[in-house]
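Sequential numbering from 1 applies to the sequence shown in the numbering used here.
The beta carbon of each residue, even a glycine, is placed where N, CA and C say it ideally should be.
Everything on this sheet refers to the single structure shown next.
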Amino acid sequence: SVFRGIFMEHAIIKQQSFKDKLGIFFSGVCIAHCLVMPFLAIVLGANVLVSALSEEWFHTLLLLPIFAMLIFSVPQVWLVTRNPWLLVLAIGGVALLSFSRMFHGIGETFLTVAGSGLVIAVHHLSLKLRQSFLEQAAE
């Protein structure tokens, strides 16, 4: 029925919104990690926690949910809206985050913060486009 179709569409859109919000959260955690780690190293010194949070495997672990939320969120919204900024921001964010893995220190921090910022921007845009789509569908 028409009602069931509309209900399913709204359920899918809510699920997509949750993915975008998770993407924003994980990208924010990544930025916080990059900006807080130097201070933790100064304040706490070289202890087990600081060492573990500085390891390469931990950086890779932080990137996995960021990339997963991009993959499971942005393409679906792009297919509906065809907004080119979704792809530009997503590809730019992934490129900067991936490229940051080749550096250490301030270069890595700058690229990671910039890449995570682009990822946050793409998820925010995705949320706005989805909201606009819902409002147009309701009319």
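**Message:** Assuming contact is defined by CB atoms lying nearer than 8 Å, are F133 and V88 in contact in what I supplied?
**Reply:** no
Worksheet item: Roughly how many angstroms separate the alpha carbons of P65 and G23, rounded to a whole number?
Response: 7 Å
According to the neighbour-count rule (16 or more other Cβ atoms, all chains shown, within 10 Å of its Cβ), is Q131 buried or exposed?
exposed
Use the C-beta contact count for K19: other C-beta atoms within 10 angstroms, 16 or more gives buried, fewer gives exposed.
buried
(request) Rounded to whole angstroms, what's the CA-CA distance from E55 to G92? Just pull it up for me. (result) 25 Å
Inset, instruction - Measure the CB-CB distance between F77 and S116 and report whether it falls below 8 Å. - result: Correcting the residue identity first, residue 77 is Val in this sequence and not Phe. Contact flag unset, no.
### Message
My output table needs one value for R101: the three-state DSSP class, helix, strand or coil.
### Response
coil
**Message:** Is it buried or exposed, T60, if we count other Cβ atoms within 10 angstroms and call 16 or more buried?
**Reply:** exposed
What are the boundary residues of the alpha helix (DSSP H) that E56 is part of? 56-81
Check your understanding: Near I120, which residues of its chain fall below 6 Å by C-beta distance, leaving aside the five closest residues on each side in sequence?
Key -> I24, S27
Under 8 Å between the Cβ atoms of E108 and S100? yes
From S1 to A90, what does the alpha carbon distance come to, in whole angstroms?
Legend: pLDDT at S1 = 48, less than 50; position of this residue unreliable, value from coordinates given subsequently. Their Cα atoms are separated by approximately 36 Å.
*asked:* Taking the straight line between their C-alpha atoms, what separation do you get for L44 and P84?
replied: 45 Å
Can the beta-carbon of L86 be found less than 8 Å from the beta-carbon of V122?
yes
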